[in-house]
Amino acid sequence: MPESSFDFAIFGSSPFAALLAIALATVHRRKVCLVARQPAALQLARSLDVSVAAWTRPHNWALMQRTRGELESLLGKHASTVLTRTEVALIARSPSGVDALGHARHMAAAFGQLTARLAIHPEQDAIEGFSVEGAMRLRHRPFYALLTDWLEELAIPVFSPDQTTTSIKRNGVVLSAEALHVIAEAAILTDARSATEFLLPSTTEKLWQASPYTSVLTEPGNALRLSVAIDVDATAQTLMHPDGRIESIVRGNRDIAARYLTYLLPAHANARYAGIAEFSKLESVDGAPVIGQIGSSRLHVALALEPVAAFLAPAIARHFAGECSPDDAAYFLAHAPQAGRSAVAEFTANSFGQRQ
Amino acid sequence: MSNRLAENSGALLSGSVIDRSKSFTFLLDGHEVPAFAGDTVLSAALAAGIAGAGHHLGSPLALNEQFSPYLIAKGPNDAGSAALNMAYTPVFANAKFECIGAPQHSKLRRTLSTLLGEKRTSAGVDFATTTRGPLHSANPQSASKPTDIVVIGGGIAGMAATVKAGRAGYNVVLIERRPQLGGDALLFGDRDGERRAQESIDALSQELRDLDNVHVLLLCEAVEARSGIILTYSVRVEDDRYTANTHCIATKNTILATGCGDRLPVFKGNRLPGVIGLASSFHLAHAFGAWPGDNTLIAGGSNAIYRMGMVATDAGKKITQIADTRTEPHSRFRDFAKAYGLRISSGTQVRSVDLSSESASLLVKTGLSWDDGAHAGGTEIACDRLVLSEGWLPRLRLWKQLGGEVVWLDERRVLAAGRAPANTFLIGSAAGYAGTNACFESGEQAVGTISRQEMPPVCEDPLPEMFESSDALPTRHVPEGTKHPAYLSWEGLSVLPDSMPDTNKWNAYTKPTLEIMQSVPGDKALCLQETEALVRVGLLGQDDLGNVLSERMIPPFPIPPATPAQRNRLSTPTSAQVPSYLQDRFGAEPKLCMLVMSAPRHVEAGCLIYETSDGSEPNSAIGCILRSDHRCTLALIATDYAHEDTRVSVAEIHGNTAAWISSTDAEY
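Going line by line, the protein sequences match chains A and B.
Heads up: the first sequence at position 144 corresponds to 144 in my numbering, and the numbers run straight through without jumps.
Count along the second sequence from 1, add 1000, and you get the number used in my numbering.
As structure tokens, then:
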């Protein structure tokens, strides 16, 4: 294989994309390159990576149980820097959302997770849910801080999507730029930008859609006594720092995000905005991950994995490397783009017509 | 009032808005402060020697027009309103104010302090614990009928635009944050061949007085601009009672004549009490006749430092030295300053400022400067006041809020306006014009565009370099010096980290992000000055500028607490169908069954149902609970197991409970 050839070109700037590249390169000895833009300085978070989600179906919990510990192994010496143990609160305030969380909690308990019911603002009985103890969170800032050297060490090149032209040809996925011409056997699309660029809407509209999202950062204040909150009604992920800063990624525009924080935070929160960013994300129509090859093309996708994307990276790498266990293979077959998918649907707020 | 310049000490700095025949005192945190009619709380405090706003990061912090504590009026002056901004709050005799966040001493302590001759030099606010956000609300009240044009900024460009629009019959509102019109034009002096600034101001002011369709708002800040809406902040005084007034003005067109502000050079101790920007010091002296301190060092890289030295000398102040960062500057004002006998040094840059234990307040360390701040040698200068001029930063906050583009001009190391949003016009020095004529014409041209009138383009030739040197490029930063913080702006509280990361090591991904987030302003909204300084000192790449401007340059509004109604549970109707997440879980056509629990009670939705009591493997579950109350329990059960009277086991969190199926044709 010429030096400018790769097994996979992975498109995406998230920690998941980088971890997928690292897992393929190290565990599965594949030659990979990354097409990613470095996060801008002071950029607000676009996602949160924790090891649990509000899954109602057993196969998701089972996959995570099989994958437990793999991310830590992949991170190796960096694990203690970038992984932190946390309590994750899964919350809702609609009857449908609360029902779904009931199913998720009992499924979590069946898989041995320690859970506890919780109520936020109990005086109004407004937000209910449960917490999962002993979950893990990937800390993005320290992860990105060590990523450059790590990728260099593993000889994984990073190409900027702004300076690279990509074309899908019969003999492979060709990346070209000034003084650059590389070819990859396949491309793995992990973000909205690449999926929108390379795939026709007619192929994807029944699988996923782009939705507006808003990321909010607040100044330190009196926050909730929670570490991570995942709201299934608002489709929101909120991270509370020990100093009271809050990072919240909420489905909808900034007005919706503001309303969400207003009812989430306690009256004494005294929080002030420190940053707001609006962007769009791909969401699967059925709330379940979409992982696999698009038809018989050279394009593969790994989308709609939040908030557990980083923790699924080792398992998804196994899948793309063709080294899955039978149980894993069954999981990925059911979550493939062309699968029937009725057996994988998860709770989605929009399926009940709910909007904040 | 030793910090006031004499009334007849030169026309420019005599205090044009104060009435020296009406002197009185007011109370600030229980201490008497002398003032004249026309003073603001800020100008009176500064003139009384209160040079500090408080302390932050273990150092005293300067009080100035960009950064001052918020006030509440006390006693009969209290109208129960929101916080008052010192710079916009006029004073009258016997008014009483307290600084928010300042320690309130007892009357006995204050009396003792007076008897002991202790001089109050700081408002004493602890900015580590005192939150200082925007004064206005994030949710303004609805606006009235839109006016034709709002002009923001009452310098020559704004005045010219307002007069032209007024003459053309438009309804115009002119908003000026200071107590008088004219802007900073008088600071820069007149150019040969151009109309004189003072004459222009006088003529335009007269015209404005004669136009009935023009409404001028002085001491009024345009705090936020949204499409077609301008939010203003001012302090209203009615019957000796103070009210913070946030007003919402709807407008069809917005003309921004917001001018330029002092750029803060980044070195340690750059905001110690006694340090002030050139334009701020000029305004304080020009409007209020206030010039604290006896000995002043003026430092910077613009020709205005020489003019400032001259007018201050005319007003009787001692200028210790004028230090120019440029090595061979040319300016007629420099020649005049030499003729005044002022001590001038070139190629000299301020490295750091420390507090002095001697009679002078400040100890300024200077050194030779070339390029971007590499230095050799150095001297220390003791002074009471340090006036800094690091060039000018266009005020583009409102421009950006209205959707205007802001770009970084690397060759000049400045931020500048790019593409304009609809119905918005940037004029005057904020748009890059320097001379009186060009500012005047840019104002008239904006109105010409609104009225679809053919106007010649504004042309301005730069002054020949051999006569008037350009301003020095802004310095990056000076890393050495005292223990005092190096702030990034006059108005924010973000500081440079003590140890700057090695920018040469930054490459792909975000080492700089990590460094910045850990040490600079990662958890604060940023003002334009701070963002510009981050680029200037090399902590923020130009590529990232757009993102930071877009995401982090926002008003730090508080998030209001929810009302009880907002906290109520969502009342969306429950779906009439089995949820999608249960599809194909228990076979293709599971049945809706009613269960009877062995001990009647509420069972949580989601409990798994097993065939026997020893079932615990989720994949072997035959169904699950959908909902329940004390009387009945609805379950979804696989067809093969859905038979009346069949016994099942319901797995609750704390153990299994026996139940049986009472019916298999229930409705969801």
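Where a beta carbon is used, it is the ideal one built from N, C-alpha and C, also for glycine.
Distance between residue j and residue i (C-alpha atoms, nearest Å)
i, j, result
"Ala-1203 (chain B)", "Ile-1152 (chain B)", "19 Å"
"Arg-141 (chain A)", "Leu-83 (chain A)", "11 Å"
"Ala-110 (chain A)", "Val-1266 (chain B)", "59 Å"
"Asp-1190 (chain B)", "Phe-1282 (chain B)", "16 Å"
"Lys-1338 (chain B)", "Ala-1123 (chain B)", "38 Å"
"Pro-1560 (chain B)", "Tyr-1641 (chain B)", "53 Å"
"Leu-261 (chain A)", "Pro-1558 (chain B)", "11 Å"
"Ser-351 (chain A)", "Ser-1580 (chain B)", "Bear in mind that a pLDDT of 41 at Ser-351 (chain A), under 50, signals an unreliable position, so the model cannot answer this."
"Ala-1082 (chain B)", "Thr-1040 (chain B)", "18 Å"
"Ala-187 (chain A)", "Val-301 (chain A)", "8 Å"
"Asp-1184 (chain B)", "Ala-277 (chain A)", "36 Å"
"Glu-1007 (chain B)", "Ser-1016 (chain B)", "9 Å"
"Asp-149 (chain A)", "Gly-1301 (chain B)", "41 Å"
"Ile-1018 (chain B)", "Ala-1279 (chain B)", "19 Å"
"Ile-1432 (chain B)", "Cys-1439 (chain B)", "Looking at the sequence shown, residue 1432 (chain B) is not Ile but Gly. About 9 Å."
"Ala-1244 (chain B)", "Leu-1084 (chain B)", "6 Å"
Residue environment, residue i, which counts as buried when at least 16 other CB atoms sit within 10 Å
i, result
"Gly-5 (chain A)", "Here residue 5 (chain A) is Ser; the residue named in the question, Gly, does not match the sequence. Burial call: exposed."
"Arg-1476 (chain B)", "buried"
"Met-1553 (chain B)", "buried"
"Asp-162 (chain A)", "exposed"
"Ser-1331 (chain B)", "buried"
"Ser-1043 (chain B)", "buried"
"Met-1455 (chain B)", "exposed"
"Asn-171 (chain A)", "exposed"
"Arg-318 (chain A)", "buried"
Option nearest residue i by Cα separation, candidates the options
i, options, result
"Glu-1468 (chain B)", "B:Arg-1419, B:Glu-1444, B:Asn-1303", "B:Asn-1303"
"Met-1597 (chain B)", "B:Pro-1579, B:Cys-1248, B:Ile-1625", "B:Ile-1625"
"Ser-211 (chain A)", "A:Asn-253, A:Glu-70, A:Ile-168", "A:Asn-253"
"Leu-75 (chain A)", "A:Leu-151, A:His-103, A:Phe-198, A:Met-64", "A:Leu-151"
"Asp-1212 (chain B)", "B:Leu-1174, B:Arg-1241, B:Glu-1238", "B:Leu-1174"
"Arg-1004 (chain B)", "B:Leu-1027, B:Gly-1049, B:Gly-1030, B:Thr-1025", "B:Gly-1049"
"Lys-1096 (chain B)", "B:His-1031, B:Ser-1144, B:Leu-1046", "B:His-1031"
"Arg-1241 (chain B)", "B:Leu-1012, B:Val-1091, B:Leu-1582", "B:Val-1091"
"Thr-204 (chain A)", "A:Thr-56, A:Val-285, A:Phe-320", "A:Val-285"
"Gly-295 (chain A)", "A:Glu-283, A:Ser-80, A:Ala-234, A:Ala-339", "A:Ala-339"
"Pro-1329 (chain B)", "B:Pro-1464, B:Pro-1076, B:Ile-1249", "B:Pro-1464"
"Ala-1250 (chain B)", "B:Gly-1341, B:Asn-1171, B:Pro-1421, B:Thr-1296", "B:Asn-1171"
"Ile-1622 (chain B)", "B:Ile-1661, B:Glu-1604, B:Val-1275", "B:Ile-1661"
Cβ pair residue i, residue j closer than 8 Å
i, j, result
"Gly-1435 (chain B)", "Gly-1155 (chain B)", "no"
"Ser-1663 (chain B)", "Cys-1607 (chain B)", "no"
"Leu-1186 (chain B)", "Gln-1198 (chain B)", "yes"
"His-1247 (chain B)", "Thr-1258 (chain B)", "no"
"Ala-273 (chain A)", "Ala-1659 (chain B)", "Here residue 273 (chain A) turns out to be Tyr, not Ala, going by the sequence shown. Against a cut-off of 8 Å, the Cβ pair of Ala-1659 (chain B) and Tyr-273 (chain A) comes out as no contact."
"Leu-305 (chain A)", "Phe-198 (chain A)", "no"
"Phe-16 (chain A)", "Ala-349 (chain A)", "no"
"Tyr-331 (chain A)", "Leu-154 (chain A)", "no"
"Met-1086 (chain B)", "Pro-1069 (chain B)", "yes"
"Trp-1392 (chain B)", "Ala-1417 (chain B)", "no"
"Ala-100 (chain A)", "Ile-230 (chain A)", "no"
"Phe-130 (chain A)", "Phe-320 (chain A)", "no"
"Gly-1088 (chain B)", "Val-1235 (chain B)", "Per the sequence shown, the amino acid found at residue 1088 (chain B) is Tyr instead of Gly. In this structure, Val-1235 (chain B) lies closer than 8 Å to Tyr-1088 (chain B) by Cβ."
"Ser-1345 (chain B)", "Gln-1321 (chain B)", "yes"
"Val-1387 (chain B)", "Asn-1270 (chain B)", "no"
"Thr-190 (chain A)", "Leu-20 (chain A)", "yes"
| query | Which runs of the beta strand (DSSP E), 3 residues or longer, sit entirely within the region 312-338 of chain A? | reply | none
| task | With a floor of 3 residues, list each beta strand (DSSP E) that falls wholly inside the region 1126-1203 of chain B, ordered by position along the chain. | result | With a minimum length of 3 residues, the continuous beta strand (DSSP E) runs that stay inside the region 1126-1203 of chain B are 1147-1152, 1172-1175.
| said: Please give the ranges of any alpha helix (DSSP H) in the region 1071-1123 of chain B, keeping only runs that are unbroken, at least 4 residues long and fully inside the region. | reply: 1107-1115
| In chain order, which alpha helix (DSSP H) runs of at least 4 residues are fully inside the region 1386-1423 of chain B? | 1397-1401
| Quick one: complete beta strand (DSSP E) runs, 3+ long, within the region 1225-1254 of chain B? | Within the region 1225-1254 of chain B, the complete beta strand (DSSP E) runs of at least 3 residues are 1229-1238.
| request: Just list the beta strand (DSSP E) runs in the region 1283-1313 of chain B, keeping only unbroken ones of 3 residues or longer that don't cross its boundaries, in chain order. | output: 1295-1300
| task | Identify every run of the beta strand (DSSP E) within the region 1578-1638 of chain B, keeping only runs that are complete inside it and at least 3 residues long; order them along the chain. | result | 1591-1597, 1608-1610, 1623-1628, 1633-1637
| task | Note down, one range per segment and in chain order, each beta strand (DSSP E) of at least 3 residues found wholly within the region 131-187 of chain A. | result | 165-169, 172-177
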